[in-house]
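Read the structure below first, then the notes.
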Amino acid sequence: MAGLDEVGRGPFAGPVVAACSYLEFKKPVKSLILKLKVLGINDSKKLNSRKREAVINHFGLKGVNLKVNSVYELMEEDDFKLNLVIKKLSHLEIDKINILQASMKAMSQAFNQCWNKRHRGIVGIDGNKIPRGINKSLRSEALVKGDSKSLLIGLASIFAKEYRDHLMVKFDRKYPQYGFSSNAGYGTKFHRQAIAKYGLCPIHRKSFKIVGK
């Protein structure tokens, strides 16, 4: 069973980031469900940074240290194993194939790094589309507001958002005039004014219709 979500479709700058939380289990795992519910897992946009970080800390990790392409072994007991993978596609890839396709590609890449091909199950995807890169032999379900309905999708959304937010803080140090540490690349008034004044920086998405460029 897997949950997929992405963050960063709307920003003017930076990558789109996806995560997959992947659960292998031998029998129903009520203990895991209860543990995840206690953490308050939900749509990452409904949780502030402190609460998202608390979820990540629960698994012995820190948001600032998260990396793409690593398989994080979040929990393992006799009856189950819960892993998570983060992927990103850069602004260059977004400009090349468009933001929708980049989002779908990032999610399918995250899933395929987690997926044990011997296993069959359900793949839940936040939104209304199923990425083409997910094996068609699996039962895939697109769930609008899935990050609020599924604990696995919600968990993926939290990790994806914290990774991306910390990455944008790093970009802010390189391009401080745009306020990336506070706006994460989204089109705030301050960000638009900065673009009008300074033009675009190397991580802006050139394919977006950005006011002020």
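In this note's numbering, the protein residues as written are 11 to 223. Glycine residues also receive a C-beta, built at the ideal position from the N, C-alpha and C atoms.
Measuring CA to CA, which of ALA116, LYS55, LEU33 is closest to GLU255?
-> The question about residue 255 has no answer, for the chain in this structure spans 11 to 223.
Check whether the Cβ atoms of ALA166 and GLN187 lie closer than 8 Å to each other.
-> no
Going by C-alpha distance, which of ALA23, GLY134, PHE35, LYS219 is nearest SER100?
-> ALA23
Sorted by chain position, which residues of the same chain lie with C-beta nearer than 7 Å to VAL39's C-beta, five sequence neighbours on each side aside?
-> ASP89, PHE90
Just how far apart, CA to CA, sit LEU76 and ARG149?
-> 29 Å
Give the straight-line distance between the Cα atoms of LYS159 and ASN52, rounded to the nearest whole angstrom.
-> 8 Å
Could you check if PHE200 is buried or exposed, using at least 16 other CB atoms within 10 Å of its CB as the buried criterion?
-> exposed
What number of angstroms, rounded off, separates the C-alpha of SER59 from the C-alpha of ALA194?
-> 13 Å
Drop a sphere of 10 angstroms on the beta-carbon of LEU84, count the other beta-carbons inside from all chains shown, and report buried for 16 or more, exposed for fewer.
-> buried
State buried or exposed for ARG130, treating a residue as buried only when at least 16 other CB atoms are found within 10 Å of its CB.
-> exposed
Three-state secondary structure (DSSP) of ALA194 | coil
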